[in-house]
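J.:
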Amino acid sequence: PRNVNAHIKKAFEGIQSLHFEDDMKISKMISPEKEAVPMTNFVDPVAARGAVEVWLVQTEAAMIESIRDQSFKARDDYPTKSFVDWLQVWPGQVVIGIFNLFWTAEVNRALTEHGNAGLVAYATVLEDTLTEIVNLVRGEIASIVRYTLEALIVIFVHGKDTIIELRDMGCSKADDFDWLVQLRYFIEENPDKPGVQDVFVRITNSFLGYAYESIGNCNRLVVTPLTDRCYRTCCGALHLLYGAAPEGPAGTGKTETVKNLAKALARFCVVFNCSDELSVEAMAKFFKGLASSGGWACFDEFNRIDAEVLSVVGQQIFQIQNAIKAKLDFFEFEGTAQLPIKWTCNCFITMNPGYAGRADLPDNLKALFRTVAMMVPDYGMIAEIKLYSYGYSIARSLAQK
Numbered sequence: 008p009r010n011v012n013a014h015i016k017k018a019f020e021g022i023q024s025l026h027f028e029d030d031m032k033i034s035k036m037i038s039p040e041k042e043a044v045p046m047t048n049f050v051d052p053v054a055a056r057g058a059v060e061v062w063l064v065q066t067e068a069a070m071i072e073s074i075r076d077q078s079f080k081a082r083d084d085y086p087t088k089s090f091v092d093w094l095q096v097w098p099g100q101v102v103i104g105i106f107n108l109f110w111t112a113e114v115n116r117a118l119t120e121h122g123n124a125g126l127v128a129y130a131t132v133l134e135d136t137l138t139e140i141v142n143l144v145r146g147e148i149a150s151i152v153r154y155t156l157e158a159l160i161v162i163f164v165h166g167k168d169t170i171i172e173l174r175d176m177g178c179s180k181a182d183d184f185d186w187l188v189q190l191r192y193f194i195e196e197n198p199d200k201p202g203v204q205d206v207f208v209r210i211t212n213s214f215l216g217y218a219y220e221s222i223g224n225c226n227r228l229v230v231t232p233l234t235d236r237c238y239r240t241c242c243g244a245l246h247l248l249y250g251a252a253p254e255g256p257a258g259t260g261k262t263e264t265v266k267n268l269a270k271a272l273a274r275f276c277v278v279f280n281c282s283d284e285l286s287v288e289a290m291a292k293f294f295k296g297l298a299s300s301g302g303w304a305c306f307d308e309f310n311r312i313d314a315e316v317l318s319v320v321g322q323q324i325f326q327i328q329n330a331i332k333a334k335l336d337f338f339e340f341e342g343t344a345q346l347p348i349k350w351t352c353n354c355f356i357t358m359n360p361g362y363a364g365r366a367d368l369p370d371n372l373k374a375l376f377r378t379v380a381m382m383v384p385d386y387g388m389i390a391e392i393k394l395y396s397y398g399y400s401i402a403r404s405l406a407q408k
């Protein structure tokens, strides 16, 4: 079973290798940054009689169970320690997820109890905590904590800026629109599994599950107002079970925004560059894998594909979306009679409109996607947040330079 470690990164975004005990049971997942996350239930490849397809599926289930378990434990641990101590104990992904959860809860509490004055107070708390974290970056810390901090500061500064913006807009109720359009994290009962508490993400009226895919302790994108706007459209589309299609010139972060949204919802995301060589059969194989794994695909430069292939692809995506809307567990697809389908799967497409040698999308395909126009990002803001995460405290004036 140890031979699988050479290939595991291809199957799981956030797992570089698995840690085997002496009796060959899998006890930990090791991320590319060498962060180890303990498995809640050990996986035993021996019991599967060496059938890789059996115990790798069990590993996937164990990964989801472990990240969920760690998240709930970290949530219970959060009130018992200071923030700076707490973030050094838990895995990076969990730290960011649970920080978002408490951030949402505290803003809601501030708005419900004190209105706008509550935001003023909470903004000060966040600014003090940020100073503490930035000071921590400057000290001698383990490299794994440094990774956590770099990603956390990006999310933290966005949280702080959001609060300051809401404060200055005079937002005073927990159901003000300016607050509802932010990405907010809650723990509530799962509608599909009665009696089970799970993490959910809300934005405007969309309601999406957090999928507990292990994504390791990786860097996050700086969230600019443009990213926020793109998230709103994408989440709105996902909620209605459509795909989303960011379009715009090169270098505006279309693909990266999709990948980052996948990280925010802990989903598995595969990026694929399209070319005019793609045939219908190749796309069908791709969609079969997507449907059965429940991941997301982001097709880059989608309009490079030939028009005759695209119209069939439209039909294929339509079939998958209909199966999800009907809440089927198995459906017939391209010659596979009983293809299992997970309802989290989705596809995103990115396009550069108006390039030479590009086709326009056929109408049956356009109807399945919500388009988002992407513009040039705010470089000053990105520089500022990057400087914070490297331990500069007066980042704003430096970033303007």
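Numbering of the sequence shown is given in our numbering, commencing with residue 8 and proceeding in unit increments. In this text, a Cβ means the ideal position worked out from N, Cα and C, and glycines have one as well. Predicted model only: the values in this text are computed from it and were never measured.
Measuring CB atoms only, is the stretch 154-167 touching the stretch 213-222, in the sense that at least three cross pairs come out at less than 8 Å?
T.: Counting Cβ pairs under 8 Å, fewer than three are found: no touch.
J.: Look up MET36 in the DSSP assignment and say whether it is helix, strand or coil.
T.: MET36 falls in the strand class under three-state DSSP.
J.: Could you tell me which residues DSSP pairs with GLU254 in its beta bridges?
T.: Answer is MET358 and ALA380.
J.: If you follow the beta strand (DSSP E) that ILE148 is in, where does it begin and where does it stop?
T.: ILE148 -> no beta strand (DSSP E), and no H or E assigned at all.
J.: Report yes if the C-beta distance between PHE294 and GLN323 is below 8 Å; otherwise report no.
T.: Yes, the Cβ-Cβ distance between PHE294 and GLN323 is below 8 Å.
J.: Between LYS167, ALA291, ASP367 and MET358, which lies nearest to GLU339 when the distance is taken from Cα to Cα?
T.: When each option's Cα is compared against that of GLU339, the closest is ALA291.
J.: Can you list, in chain order, the residues of its chain whose CB lies under 7 Å from that of TRP110, leaving out five sequence neighbours each side?
T.: Hits under 7 Å: GLY166.
J.: Does the beta-carbon of MET36 have 16 or more other beta-carbons within 10 angstroms, so that it is buried, or is it exposed?
T.: Per the 10 Å Cβ criterion, buried.
J.: Classify ALA269: buried if its beta carbon has 16 or more other beta carbons within 10 angstroms, exposed otherwise.
T.: It is buried - the Cβ of ALA269 has at least 16 other Cβ atoms within 10 Å.
J.: First and last residue of the alpha helix (DSSP H) that includes MET31?
T.: Taken as a continuous stretch (DSSP letters only), MET31 belongs to no alpha helix (DSSP H), as it is neither H nor E.
J.: Buried or exposed, going by whether 16 or more other CB atoms sit within 10 Å of the CB of ARG56?
T.: Exposed: under 16 other Cβ atoms inside 10 Å.
J.: Tell me whether the beta-carbon of SER73 lies closer than 8 Å to the beta-carbon of ILE105.
T.: No, these two residues do not count as a Cβ contact at 8 Å.
J.: Among ASP76, LEU372 and ALA304, which has the Cα closest to the Cα of GLY4?
T.: Outside the shown range of the chain, which is 8 to 408, sits residue 4, and nothing can be said about it.
J.: Do ASN224 and SER38 have their beta-carbon atoms positioned less than 8 Å apart in this structure?
T.: Result yes, Cβ atoms of SER38 and ASN224 sit closer than 8 Å.
J.: For VAL316 and GLY302, what's the separation of their Cα atoms in angstroms?
T.: Those two C-alpha atoms are separated by around 23 Å.
J.: Given a threshold of 16 other Cβ atoms within 10 Å of its Cβ, counted over all protein chains shown, does LEU405 qualify as buried or as exposed?
T.: Exposed.
J.: Since TYR249 is in the beta strand (DSSP E), which residue starts that stretch and which ends it?
T.: First-last for TYR249: undefined, no H or E at that position.
J.: Assuming GLY216 is part of the beta strand (DSSP E), what are its boundary residues?
T.: Taken as a continuous stretch (DSSP letters only), the beta strand (DSSP E) holding GLY216 covers 213-216.
J.: With 16 as the cutoff for other CB atoms within 10 Å, does TYR238 come out buried or exposed?
T.: Buried: at least 16 other Cβ atoms inside 10 Å.
J.: Considering ALA289, what are the terminal residues of the alpha helix (DSSP H) in which it resides?
T.: Run containing ALA289: 287-300, per the alpha helix (DSSP H) assignment.
J.: Based on DSSP bridge pairs, tell me the residues matched to ARG191.
T.: ARG209.
J.: By Cβ distance, which residues of its chain are closer than 7 Å to ASP185, with the 5 residues on each side in sequence left out?
T.: Once the five neighbours on either side are set aside, the close Cβ partners of ASP185 are LEU173, MET176 and CYS178.
J.: Using only the alpha-carbon positions, how far apart do ALA54 and ALA69 sit?
T.: Roughly 15 Å between the two C-alpha positions.
J.: For MET31, I'd like the list of residues in its chain whose CB is within less than 7 Å of its CB, leaving aside the five on either flank, ordered along the chain.
T.: Same-chain partners within the cutoff: PRO8, PRO52 and VAL53.
J.: Could you check whether ARG311 and ASP336 sit closer than 8 Å to each other, using their CB atoms as the reference points?
T.: No, the pair does not count as a contact, with Cβ atoms beyond the cut-off.
J.: How big is the Cα-Cα spacing for ASN107 and ALA314?
T.: Rounded to the nearest angstrom, the two C-alpha atoms are 43 Å apart.
J.: From the DSSP output, in three-state form, read off ASN353 for me.
T.: The answer is strand: DSSP assigns ASN353 an E or B state.
J.: For the stretch 192-209 against the stretch 340-347, do three or more pairs of beta-carbon atoms, one drawn from each stretch, fall closer than 8 Å, so that the two count as touching?
T.: No, the stretch 192-209 is not in contact with the stretch 340-347.
J.: Going by DSSP, which residues form a beta bridge with ASN280?
T.: ASN280 is bridged to ASP307.
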